[in-house]
Amino acid sequence: MVAAPKPVGTTTRSNALTGSRQVSWWPVHEFLEAAVTQANCGQLPIAGTPSWQALADTDLAKLMALAVAGEHHVLRIETDQEHRADAAKVIARAEDWPAVSRQIRAGRGGPYVPRLPHQETA
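Be aware that the sequence shown starts at 1, since it is given in full-length UniProt numbering, and climbs by one per residue.
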């Protein structure tokens with residue numbers, strides 16, 4: 001059976017790795033807030049807790065609780081990306097990197113190191 005073509009602009013696992021990896025929590029939060037409201041599951045248990053485990057696998061609240069836990073992970077990724085970007089800016093300002101590059105390329109001089117003649121000891 002041949003799968004139906006995906007609409008233009010959709011992401012597959014293969015092309016997701018070549019696109020932007022920047023994560024934004026707010027759109028995820030808005031989407032999930034609407035989905036949880038529409039699902040009308042009431043109070044959701046925290047994913048992985050005994051009360052969550054006790055839910056039937058077919059209970060929509062079980063899936064929604066996983067999605068809420070995933071939202072937290074997205075927030076952690078976003079804040080980690082922000083911290084890494086800030087650190088990169090600090091590193092970029094810390095040194096005159098073009099000068100460092102020129103110094104590395106210049107090396108310590110020519111590659112030839114002359115050998116001294118071997119001297120016999122008495």
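Don't be surprised by glycine CBs; every beta carbon is placed ideally from N, CA and C.
Could you have a look at residue i and say whether DSSP puts it in helix, strand or coil?
i, result
"Ala47", "coil"
"Glu95", "coil"
"Arg21", "coil"
"Arg115", "coil"
"Leu55", "coil"
Less than 7 Å between C-beta atoms, sequence neighbours within five positions excluded: which residues of the same chain meet that for residue i?
i, result
"Leu32", "Ala67, Val68, Glu71"
When the Cα of residue i is compared with those of the options, which residue comes out closest?
i, options, result
"Glu30", "Asp96, Leu75, Leu60, Pro114", "Leu75"
"Val28", "Thr49, Lys89, Ile77, Asp59", "Ile77"
"Ser24", "Ala99, His73, Val113, Ala87", "His73"
"Trp26", "Gly19, Ala34, Ala85", "Ala34"
"Met22", "Ala47, Ala54, Gln81, Cys41", "Before going further, note that residue 22 is Gln rather than Met in the sequence given. Selected option, being the one with the closest Cα: Gln81."
Give every residue of the same chain whose Cβ lies closer than 8 Å to the Cβ of residue i, excluding the five residues on either side of it in the sequence, and list them in chain order.
i, result
"Ala39", "Leu60, Ala61, Met64"
"Val100", "none"
Using the beta-carbon count (16 or more within 10 Å), is residue i buried or exposed?
i, result
"Val36", "buried"
"Leu44", "buried"
Cβ of residue i within 6 Å of any heavy atom in the ligand PLP?
i, result
"Val74", "Although the ligand PLP was asked about, the structure shown includes no ligands whatsoever."
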